[in-house]
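Residue numbers (full-length UniProt numbering): 1 to 198.
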């Protein structure tokens, strides 16, 4: 099993990165927060979860252990596969996701694309007592969980992606801007996002 991967970032795509280690390029699926920190040519150190299926072996990478821990908890829920867990971790920071799970906020979870009402309720029911409390504590400058998936945030993300920016970078920048000021409008997010992405 592969548990940790260190190497040069060869390429960053919308949902994955290619990490070159020991002459081998590994495709690693990552949440937007991780992809936003990776740039081609830089060195990456990722915590890895290897998922082996009948038809594929997939690597999922995270820059911090908290994200990996949440990924493991999410994929332990019936009906939640690694790609849905990754979508949840891409939609908001780990602390916001953990706070939503600890607080029983199924509405927040169901606002993420691909997560229906029943799945959100099952996540809350099965994980409410299992998520370590320290994961739900927001880091300095982090906005509320609801702000991370706000309409303004979604609108700004779609607009910036329509301008040709990569999804991973856009999501990371929008999350950073909302963490600093959760009350930003979509227009303000787009203007500030353009400044950071150029």
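For each residue, glycine too, the CB sits at the ideal point set by N, CA and C. Note that the structure is a prediction, hence the values are computed from the model and not measured.
Does the beta-carbon distance from residue 101 to residue 80 come in below 8 Å?
no
Range covered by the beta strand (DSSP E) that runs through residue 106
From DSSP, residue 106 is part of no beta strand (DSSP E) but of the alpha helix (DSSP H) over 106–110.
Where in the segment 60–106 do unbroken runs of the alpha helix (DSSP H), each at least 4 residues long, occur, reported from the N-terminal end onward?
65–75, 82–91, 94–102
Please go through the same chain and pick out, in chain order, the residues whose beta-carbon is closer than 8 Å to the beta-carbon of residue 33, but skip the five residues on each side of it.
63, 67, 89, 90, 93, 94, 171, 172, 175
As a quick exercise: from 15, 26, 188, 12, pick the residue whose alpha carbon is nearest that of residue 2.
26
Are the segment 1–20 and the segment 36–48 touching, with three or more C-beta to C-beta distances below 8 Å?
yes
Can you check whether the CB of residue 197 is closer than 8 Å to the CB of residue 189?
no
Do residue 28 and residue 17 have their beta-carbon atoms positioned less than 8 Å apart in this structure?
yes
Could you check what DSSP says for residue 193 in three-state terms: helix, strand or coil?
helix
With a 10 Å radius around its C-beta and 16 neighbouring C-beta atoms as the bar for buried, classify residue 115 as buried or exposed.
buried
Considering Cα atoms alone, identify which of 73, 168, 182 is closest to residue 132.
73
Segments of 4+ residues assigned as alpha helix (DSSP H) that fall wholly inside the UniProt region "Domain III" (154–198)
167–180, 186–197
Short of 6 Å in beta carbon distance, which residues of its chain neighbour residue 126, apart from the five on each side in sequence? Order them along the chain.
77
Grab the span of the beta strand (DSSP E) containing residue 127 for me, first residue to last.
No beta strand (DSSP E) contains residue 127, which is instead part of the alpha helix (DSSP H) from 117–127.
Run the CB neighbour count on residue 163, radius 10 Å, all protein chains shown included, and call it buried at 16 or more, exposed below.
exposed
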